[in-house]
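J.: Here's a structure for you.
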Ligand code: NDP
């Protein structure tokens, strides 16, 4: 019997799986489309029902692919997409959301994020998000690539405190958020979505990590994902178009890592000693 995927409760009260599916680099090449659709459907079958996409990915291609993958099972999915900062004025956010909905072949997003901070005032984007929420086109909204000072500013604008999530770079090798952003979000009830949770594969060749994984008959990717999900309120969204690796990633929920091994991971990948500016991909 597989262990269930842990869940994270959003400020709206909805619980979502702490292990979802990323889609960056999907929907870019027609010849890979069926493989990618099969991968997304396999991920859903495995219970990784939070799907993260963006209008940016494949210039809408990733959203179209997700639309095909979840066509007959929309209600099983917690669907997340993102608006380009350049589209984040009041009017353009609404148009961008409607275009995303068309590509995704659905009438609502569960969570809509501002992809990163741009030139439009936060008040304006937040007001568009709140409008979309009232219209039933999105269930909740959040941000991405916001550091602590950005979050403070956001919380100071009208309705800014309704932000449900902040999606940021977080993995064993990029632990900067642990200094202040992660505790800030945990205190305010803002879920943290960890993007690049296996560092796009770069972290997997670390010899110490390989040794720790072996002790659990696990893989380095599984330990890397377990590390991210161990934190309260953190959701990991690894991307894979490979059926075997999807099953492997799902297996990260089986790991029960000892305190000694968490300490060993801290030695290998030290937590931040001071504030670091938020890193981005
Ligand atoms: P990930 O850390 O998820 O790594 C993805 C890469 O690792 C792919 O090349 C994948 O290849 C490979 N991979 C996946 N699983 C395994 C495994 N078990 N063993 C070995 N290799 C594996 O990086 P991403 O940057 O894709 O981040 C995940 C998601 O986060 C994105 O897809 C996107 O949805 C989101 N994101 C958001 C950003 C933002 O600014 N908000 C920025 C970057 C990402 P393969 O497919 O062949 O398995």
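Numbering (my numbering), first residue to last: 35 to 315.
Backbone N, C-alpha and C define an ideal beta-carbon position, used for all residues, glycine too.
Computed from a predicted structure; not experimentally measured.
1. Roughly how many angstroms lie between the CA atoms of residue 275 and residue 281, to the nearest whole one?
2. Here's a check: name, in chain order, each residue in its chain whose Cβ is nearer than 6 Å to the Cβ of residue 316, leaving out the five neighbours to either side.
3. Which residues mark the beginning and the end of the beta strand (DSSP E) in which residue 228 is found?
4. Report buried or exposed for residue 43, applying the criterion of at least 16 other Cβ atoms within 10 angstroms of its Cβ.
5. Does residue 261 come out as helix, strand or coil in the three-state DSSP assignment?
6. Where residue 259 and residue 278 are concerned, what is the direct C-alpha to C-alpha distance, given to the nearest angstrom?
7. Give me the Cα-Cα distance between residue 291 and residue 257, rounded to the nearest whole angstrom.
8. Would residue 190 be called buried (16 or more neighbouring beta carbons within 10 Å of its own) or exposed?
9. Out of curiosity, what's the CA-to-CA distance linking residue 31 and residue 315?
10. Hey, is residue 251 close to the ligand NDP, as in C-beta under 7 Å from one of its heavy atoms?
11. So is residue 63 buried or exposed if we call it buried at 16+ other beta carbons inside 10 Å?
12. According to DSSP, is residue 303 helix, strand or coil?
13. Should residue 234 be counted as a contact of the ligand NDP given a C-beta to heavy atom distance under 7 Å?
T.: In short, the structure shows the following:
1. Each residue's alpha carbon lies about 11 Å from the other.
2. What is shown of the chain runs 35 to 315, which leaves residue 316 out entirely.
3. 225-229
4. exposed
5. helix
6. 16 Å
7. 8 Å
8. exposed
9. Residue numbering for the chain in the displayed model covers 35 to 315; residue 31 lies beyond these limits and cannot be assessed.
10. No, the Cβ of residue 251 stays beyond 7 Å of every heavy atom of the ligand NDP.
11. exposed
12. Three-state DSSP puts residue 303 in coil, outside helix and strand.
13. Correct: residue 234 has its Cβ closer than 7 Å to the ligand NDP.
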